[in-house]
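Read the structure below first, then the notes.
Numbering (the working numbering), first residue to last: 38 to 294.
Right under this line is the structure:
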């Protein structure tokens, strides 16, 4: 195991030489600093943190040091193995769930990037390896029932499948949830569609609008992220992803923080 300190906390990871460059960025505070800033703001010792798309434990095991308990959802078999290996080596109450967020009974997930274990495993697109798995699924209702507190914070990063689970987002308890950190991947949705480029772009824009609407009852704190992504997409002539932060509008939830 290798101890990595980032954003004032230390987490033990399996020693993975292929991720050396990533860990260097992480230690230097260059990887998603806003994510950790927002988690630190929304999560405390009275909060259950639910990380949907836990990858290799970067956010869940960091957050376990400040949360009451953490629930991690990760369907990728390689990533889940890493999460399991880390559990006994890190502090905090962490529950691991080898499943994908979906209202369906199962979900086919594809390798993206040459094999499982990357941060890009997706239900919408696939690489040329032909590798896929059929994952078990879990619902928002089930995750909320597992929480050990009455105050929740979600992080969702599911590589484009956020566009397919709007009913799950509508099921998030607005009264108990302090905030939701959502990674949005319009480039993945667009790549999964067929037809002329302009029609795929329009369909993606409409789907993104519906996705944001599924969080009615929360306040979108950083709408500027959308406009920034649009400007970058125009400049690069390709769709760019972005991160949104939805926060509770109920004063009772935020006042507990």
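Idealized CB from N, CA, C, for every residue including glycine.
*Looking only at DSSP bridge pairs, what is residue 147 linked to?*
159 and 169
*Anyone know if the C-beta pair for residue 89 and residue 107 falls short of 8 Å?*
Their beta carbons are not under 8 Å apart, which means residue 89 does not touch residue 107 by this criterion.
*Are residue 119 and residue 51 touching if we call contact CB-CB under 8 Å?*
yes
*Give the C-beta separation of residue 248 and residue 237 to the nearest angstrom, bearing in mind that I take them to be a contact with Cβ-Cβ under 8 Å.*
In fact, because the Cβ distance is near 16 Å, the residues do not count as touching under 8 Å.
*From the DSSP output, read off the bridge partner residues of residue 49.*
40
*Determine the direct distance from the alpha carbon of residue 183 to that of residue 220, and round the result to whole angstroms.*
23 Å
*asked:* Bridge partners for residue 214 per DSSP, in chain order?
replied: 189
*Note down, in chain order, each residue of its chain lying with its Cβ closer than 8 Å to the Cβ of residue 177, except the 5 sequence neighbours on either side.*
138, 205, 206, 208 and 209
*Using the Cα positions of residue 292 and residue 74, report the straight-line distance between them to the nearest angstrom.*
Residue placement at residue 292 cannot be trusted, given a pLDDT of 47 that sits under 50; the coordinates are not used to answer.
*Taking contact to mean at least 3 C-beta pairs separated by less than 8 Å, is the region 161-169 in contact with the region 56-66?*
No, the region 161-169 does not touch the region 56-66.
*asked:* My assumption, with CB atoms under 8 Å, is that residue 211 sits in contact with residue 285. Please give the rounded CB distance.
replied: 7 Å
_Can you find the residues in the same chain that come closer than 6 Å, C-beta to C-beta, to residue 113, ignoring five residues on each side of it along the sequence?_
153 and 158
*Cβ-based neighbour list, residue 173, same chain, cut-off 6 Å, excluding 5 preceding and 5 following*: The residues are 136.
*Between 49, 76 and 41, which lies nearest to residue 193 when the distance is taken from Cα to Cα?*
76
*Where the alpha helix (DSSP H) containing residue 248 begins and where it ends*: First-last of the alpha helix (DSSP H) with residue 248: 234-250.
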